[in-house]
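A.B. asks:
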Amino acid sequence: MKLTNAPFLKEPWNKQYFSDLIVLAGSKAWETWNKGEGVAWRMMVDGLKIDTFTTSTGKSINPYDQSPVILGGDTLENIVKTRIADKEQTAIKFIQCGELTSNQKTAICLNIAKMTNAKVVTLFSSELDLIENWSGHIQRLRNEDDARLLSEMAVEPPKIKENDRTNEKSRAFQKWLGLDMALRRGSREIYAYDGKTWKQQENDDLEERAVQFFDECELGYSDSTIDRLINTLKAQLPRMGEMPCDLIAFDNGVLNRNTLEFKPHNRLNWLTACIPHNYDEQATNTPHFDKWLNFVSDGNQDKARNILAALYAILTNRYNWQIFFEVTGKGGSGKSVFANIATLLAGERNTISAKLEDFDNAKDLEGFEDKTLILCPEQSKYGGNGGGLKTISGGDLLRVNPKHKKPFFTKITALIMLINNEPCRFTERAGGVDRRRVIFDFKKVVPESERDPTFTEKITLEVGGIIRKVLDTFPDSLEAKKALNTQMNSQEALEVKKLSDPLTDFFSYFYTTEQIDGLFVGVANMGVDKIRTHIYPAYLAYTRAMNISELGLGNFVIGIEQALKQHGNQHDFMKKHTKTGRRTNIHFKDFDSFKNEVLN
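If you want my numbering, it's the 1-based position in the sequence shown plus 1.
#1: Just confirm the distance between the C-beta atoms of A108 and L10, as a whole number of angstroms; I'd bet it's less than 8 angstroms.
#2: For A92, list the residues DSSP reports as bridge partners.
#3: Under 8 angstroms between the Cβ atoms of Y510 and G523?
#4: Would V338 and P424 qualify as a contact pair, given that the criterion is a beta-carbon distance under 8 angstroms?
#5: Mapping the DSSP letters down to three states, classify A415 as helix, strand or coil.
#6: If contacts are defined as beta-carbon pairs under 8 angstroms, then A305 and N295 qualify, I think. What distance do you get, rounded to the angstrom?
#7: Hey, P8 and V70: beta-carbon distance below 8 angstroms or not?
#8: Given this structure, state the Cα-to-Cα distance separating F475 from N421, to the nearest angstrom.
#9: Which of helix, strand or coil does DSSP assign to V40?
#10: From the DSSP secondary-structure annotation, give me the bridge partner or partners of R84.
#11: If E163 and L230 are in contact, beta carbons under 8 angstroms, what's the gap, nearest whole angstrom?
#12: Leaving aside the five residues before and after T505 along the sequence, list all residues of the same chain whose C-beta is less than 6 angstroms from its C-beta, in chain order.
#13: From R189 to N6, what does the alpha carbon distance come to, in whole angstroms?
#14: Nearest to F325 by alpha carbon, out of R437, S550, L366 and H405?
#15: Taking the C-alpha atoms as reference points, what is the distance between E562 and L376?
#16: Apart from the five residues on each side of it in sequence, which residues of its chain come closer than 7 angstroms, Cβ to Cβ, to K331?
#17: Would you say the segment 574-589 touches the segment 520-534, given that touching needs at least three Cβ pairs under 8 angstroms?
#18: What did DSSP end up calling G395 once you bin it into helix, strand or coil?
#19: Out of curiosity, what's the CA-to-CA distance linking A26 and E208?
#20: Pick out the complete alpha helix (DSSP H) segments inside the segment 329-385, 4 residues or longer, and give them in chain order.
#21: Per DSSP, Q97 forms a beta bridge with which residues?
#22: State buried or exposed for L600, treating a residue as buried only when at least 16 other CB atoms are found within 10 Å of its CB.
#23: By DSSP, does N204 sit in helix, in strand, or in coil?
#24: With a threshold of 7 angstroms (Cβ to nearest heavy atom), would T317 be considered close to the ligand ATP?
#25: Check the C-beta distance from N168 over to T226 and give it rounded, since I have them as a contact under 8 angstroms.
#26: State yes or no: is the C-beta of T117 within less than 8 angstroms of the C-beta of Q97?
#27: Please go through the same chain and pick out, in chain order, the residues whose beta-carbon is closer than 7 angstroms to the beta-carbon of L4, but skip the five residues on each side of it.
#28: In terms of DSSP beta bridges, what is I587 paired with?
#29: Ends of the beta strand (DSSP E) at G254?
#30: Specify the secondary structure class of I51 as computed by DSSP and reduced to three states.
#31: Assign I559 to one of three DSSP states: helix, strand, or coil.
#32: Which residues in the same chain have their Cβ closer than 8 angstroms to the Cβ of M255, if we skip the five residues on either side of it in sequence?
#33: For V46, count the other beta carbons within 10 Å of its own beta carbon; 16 or more makes it buried, fewer makes it exposed. Which is it?
#34: Evaluate R240 with the Cβ neighbour count: other Cβ atoms within 10 Å of its Cβ, from every protein chain shown; 16 or more gives buried, anything less gives exposed.
#35: Starting from the C-beta of C110, find all residues in its chain whose C-beta is less than 7 angstroms away, skip the five residues before and the five after it, and write them out in chain order.
#36: Buried or exposed for A155, going by 16 or more other Cβ atoms inside 10 Å?
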């Protein structure tokens, strides 16, 4: 392929192969440099401590006047045809100026891997903060496993004529894009590997690139030809493999959460989410996190450990544990901080906000496919049966019906966290929601005088230590699962359920036995004299006393088993038909207490 030198690569100060080559890259690269007069450029020069350069003729070149290599404008759109650095260059420092898309970053890495021998390649912000170290990724791109990508990149896209077939145009378009792409089964979306994870390519972006391709090749096009080109590309692309359940991607590599083995990124992991922090095996202090954890657990070490278990499940994406979290408490009790910490561990790009109602409608599920955490704030007014919530947390296939696309079936591999001032009121009482529901109740409120508006920022700076603390607390994942099961069945969770479901509260007055020798079920039109011997009349008396709506007899009987289990009764609910009605194994703990507390 014939390459064009990037702007200013020919300058002698950009030929110092054993020093850093400075490359400004992004939508504002030219504006930042501004012919050496840009304020941002001069601050970079000062920060990088660039020395005066002396030419072969003895002329001194001021550091501000040493033009950097620039990837911007048309050059940024044609990275595959651009020589960014000479083959002999050993170190390259890219500085992002403005927008630099994941596709452009991928193209830059492929270019450097193929066209240079550079060992140290880094990406910095315009403030000279390190964004990414590309060195390892570029080295891996040079390995045999990825030789196919590099060899394809080195082949110039064939010249396309107007009357060429669509499949030929599509293959040329694929080479023109210069991306490592694959097609996801089910959703039929195109993904591109960026050196860490596979990122979905938005259809609008593909259409825009297709127009650029047609224009550059001087070909006619219309809506239909663009659609045919992209659809043909989808047919030609290899299919993505299944994501392993045991891998977590960090910025600096991939952790096997079962073996704790840490390895470099690999495109064949097929991961679509990355935690935007480095994995560090060394523990660091987390004073602000520890302060929050001690406050919300009110000094209860067991509860603190259970909260760490929830963070472990979120960090390691244990969607297959078939649970969801519900965090309740008054404003200022630490719920939002919990959600922010969860977002930090999952990664902001892997987190989405939703409503419980969205889960019940196939048209509202679009966008959840690649997320690992779904936050549902302020859901106390929800009054549904949680059908979609059960399906997602149960790991079942869901039908997604996106706008202007074909419906498809997929699993949503995300954990769900509900955040409420008051608990949700689910109408489902067969146990499908209850056996997945892990409740945390934050009872204390931070006094107004002690609230710190920068607390979240302080927590963010401790994220590396938080990750280490969470993983060190649970070297065995089963211990985290046991801790969450303990929280699920805790007295704290029971009190919240009693508050949100009167049936749960009602059955706190009863216990079960091994023999079916207890109360009869009864019917609605019995008199008050049957309250002592029949459970449904007792329930109706309870609802009248509490001034709440009652369940019909059928729904009441359906809900009995769950309500009794919530109270930890040793024996399952049983009933049998007798000559005097349906009898159960349910007994009053103390009828007089029920009568005095409820009926009087």
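All residues carry an ideal CB built from backbone N, CA and C; glycine is no exception.
C.D. replies: In this structure, then:
#1: Contact flag wrong, Cβ pair sits at about 17 angstroms.
#2: D21 and V121
#3: no
#4: Not a contact, by the Cβ cut-off of 8 angstroms.
#5: DSSP, read as helix, strand or coil, puts A415 in coil.
#6: 7 angstroms
#7: yes
#8: 28 angstroms
#9: helix
#10: R84 pairs with N6.
#11: Incorrect: roughly 13 angstroms between the Cβ atoms, too far for contact.
#12: Close CB contacts of T505 within its chain, under the 6 angstroms cut and outside five residues either way in sequence, are with K498, K499, A564 and Q567 (chain order).
#13: Going from the Cα of R189 to the Cα of N6 covers about 37 angstroms.
#14: R437
#15: 30 angstroms
#16: N422 and V446
#17: With the rule of 3 Cβ pairs closer than 8 angstroms, the segment 574-589 counts as touching the segment 520-534.
#18: coil
#19: Spanning the alpha carbons of A26 and E208 requires a straight line of approximately 23 angstroms.
#20: 336-347
#21: Looking at the DSSP assignment, Q97 forms a beta bridge with A26.
#22: It is exposed - the Cβ of L600 has fewer than 16 other Cβ atoms within 10 Å.
#23: helix
#24: Absence of the ligand ATP from the depicted structure is noted, as is the absence of any ligand whatsoever, leaving it without description.
#25: Rounded, the Cβ-Cβ distance is 13 angstroms, inconsistent with contact.
#26: no
#27: K82, T83 and R84
#28: Looking at the DSSP output, I587 bridges to T513.
#29: G254 to N257
#30: coil
#31: helix
#32: Met is not the amino acid found at residue 255; the sequence shown has Val there. Correct list, in chain order: L248, I249, F263, K264, P265, H266, N267, N270 and L272.
#33: buried
#34: exposed
#35: W135, H138, I139, L142 and G196.
#36: Summary for A155: the model assigns pLDDT 48, below 50, so the residue's position carries little reliability; its value from the coordinates is reported in the next sentence. Per the 10 Å Cβ criterion, exposed.
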